[in-house]
Every structure is written in C-alpha cells, then in structure tokens.
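Reading through the structure tokens given below for one structure.
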Amino acid sequence: MNKRVLIVGNSDGMGLALTKRLVARGDSVLGVSRSDFAPLGMQHQQHKLDIRTPGFYDKLCELIAEDQSVDIAVYCAGMGEPFGTSDVTADADTIRVNLGGLADTVRAVLPGMRGRRKGQIVGVSSIGDMASAAAPAYGASKAGVTAYLRGLRRPLGALGVRVSVVRLGFVATKMAKADFRPFMISADAAASILLNVIDKAPASKTHPWTMHVLTRMLSPFMA
Numbered sequence: 003m004n005k006r007v008l009i010v011g012n013s014d015g016m017g018l019a020l021t022k023r024l025v026a027r028g029d030s031v032l033g034v035s036r037s038d039f040a041p042l043g044m045q046h047q048q049h050k051l052d053i054r055t056p057g058f059y060d061k062l063c064e065l066i067a068e069d070q071s072v073d074i075a076v077y078c079a080g081m082g083e084p085f086g087t088s089d090v091t092a093d094a095d096t097i098r099v100n101l102g103g104l105a106d107t108v109r110a111v112l113p114g115m116r117g118r119r120k121g122q123i124v125g126v127s128s129i130g131d132m133a134s135a136a137a138p139a140y141g142a143s144k145a146g147v148t149a150y151l152r153g154l155r156r157p158l159g160a161l162g163v164r165v166s167v168v169r170l171g172f173v174a175t176k177m178a179k180a181d182f183r184p185f186m187i188s189a190d191a192a193a194s195i196l197l198n199v200i201d202k203a204p205a206s207k208t209h210p211w212t213m214h215v216l217t218r219m220l221s222p223f224m225a
C-alpha cells in the first residue's frame, strides 16, 4: 500500500496499535503525540506536540510541510474526565483536544489533499456522542466530532478527499474510566477496525452495534 499516514494521538492505546499495524504492512507513519516515544523503524517518524498549546496548528503545518505529503490523516487523540472527578475545570481542555484539535488537523492537511485532489481523513468518535450528565464535556465534544466529520464528507468528497467517522464503545485504554464497561474491546481490536475504515472509507463505522442500540435506548436517562 505504501501510504503516508499522519496519526495524531499515537503514543498509547489504539493510536499506538494502529501505528504498529501500519508500519508492519509497509505504510509510513508521521506520528504526533503529547508523550514522546522512540520511532518503530525507518518508516516511522514521531514528534512530541501537545494539542492544548497555542502553537499546535502552526507546528503541525511545519511537520506536514517537512514531510511533503500526507495521504491519510487519522485523529485518535482524546481525553475526558467524569464530572464528579473534575467538576468543570477540565472541560475546556476536553473540548479542545477532542474537537478543536481535529479541526486544526483537518485544516492542516486539507491544502495538500485538495491540491492533489486525493486524500483521506479518519476521526475517532464515540458511541457516547450525546448529552451525558456523567461526562458533559466528553459527550458534547464527541457529538461535535461525529457531526463535524459527517458534515465534511460531502463537500470534501467533491474535492477527492474521503472522510470517515469511527464511533467506538469502550476500548481498553487509559480513558476507559467507567465502573461499568460492557462490550469493551482491546486497543488492537480497535486498530483493526480503524484499518478496515482506512481501506474501505465508509462514511461511518460504529462498533459494537449492540452497545450503540443500548446507549440510544438509555439516552433519555443519561442527561
């Protein structure tokens, strides 16, 4: 395949698992994460960059310019704290990382993709993309991610850029903080889903579907 893939948020969890899978199959990865770690080989470049810093967009543009081209951008970065843990003190950071950083990433990669009339953008959202009394900022930001990417698909598709949103349930990462985590999947299983979306470019992928149905049934009692 030999594609050049930008992954934002790949120092652990599904982002790291996806990085390993892409490098193993011959793709090149340009990774950006808050925590630094050693590259996984000649096909992998890794950069330390915090989405919450004011210069995130400009620095990301510099990295992309140095790399010359990005065929695929995957946004895996995310954060969220239960309301009882953080009150509202972390809400601005949660919305910034989950949604604002995605918008900056799209803005950074789009000029090159539009110029080539070819590219792909994949963003990780959540089945919990709805109003939530337990995690208001997380639910709101993920609802924004889902709506934003679905809204971009048609206009960017006309420019040759495919857009997909991946809505996942619980994944066994540091973000899985709920006491009850039904249908939880491993980070590697989540990476497999992301790979499938990269290869097939659907508008949306939801997994597990049972979790989606249950969440929608319970949604009137969640806010």
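Mind the numbering: the sequence shown is residues 3 to 225 in my numbering, read in order. All residues carry an ideal CB built from backbone N, CA and C; glycine is no exception.
| Check | Outcome |
| --- | --- |
| With a threshold of 8 Å on Cβ separation, who are the neighbours of Ala137 within its own chain once the five nearest residues in sequence on each side are excluded? | Gly82, Glu83, Pro84, Phe85 and Gly130 |
| Are at least three pairs of beta-carbons, each pair with one atom in the region 119 to 135 and one in the region 152 to 165, less than 8 Å apart? | yes |
| I'd like to know whether the C-beta atoms of Val7 and Val34 end up nearer to each other than 8 Å. | no |
| Keeping to the same chain, check which residues put their C-beta closer than 6 Å to that of Leu42; ignore five residues upstream and five downstream. | Val25 |
| When DSSP labels each residue in this structure, what does Ile53 get in the three-state scheme? | coil |
| Report the rounded CA-to-CA distance for Ala110 versus Val76, giving the unit in angstroms. | 12 Å |
| Helix, strand or coil, according to DSSP, for Leu161 in the structure here? | coil |
| With a threshold of 8 Å on Cβ separation, who are the neighbours of Ile66 within its own chain once the five nearest residues in sequence on each side are excluded? | Leu8, Leu32, Val72, Ala110, Val111 and Gly114 |
| Between Leu154 and Gly17, what straight-line distance do the alpha-carbon atoms span, to the nearest angstrom? | 22 Å |
| Identify whether Arg6 lies in helix, strand or coil by the three-state DSSP scheme. | strand |
| Can you give me the C-alpha to C-alpha distance between Asp52 and Cys63, rounded to a whole angstrom? | 14 Å |
| Mind checking whether Ser206 and Arg169 have CB atoms under 8 Å apart? | yes |
| Roughly how far, in whole angstroms, is the beta-carbon of Val108 from the beta-carbon of Gly80, given that I think they are within contact range, below 8 Å? | Incorrect: roughly 16 Å between the Cβ atoms, too far for contact. |
| Per DSSP, which one or two residues make a beta bridge with Leu112? | In DSSP, Leu112 forms no bridge with anything. |
| Provide the residue(s) that pair with Tyr59 in DSSP beta bridges, ordered along the chain. | DSSP, once it has assigned bridges, lists no residue as partnering Tyr59. |
| So Ala192 is in the alpha helix (DSSP H); what residue range does that whole segment cover? | Ala189 to Lys202 |
| Taking the alpha-carbon positions, what's the Ala40 to Gln48 distance? | 7 Å |
| So for Ala75, helix, strand or coil by DSSP? | strand |
| Could you round the C-beta distance between Ile97 and Ala142 to whole angstroms and report it? I think they count as a contact, below 8 Å. | 7 Å |
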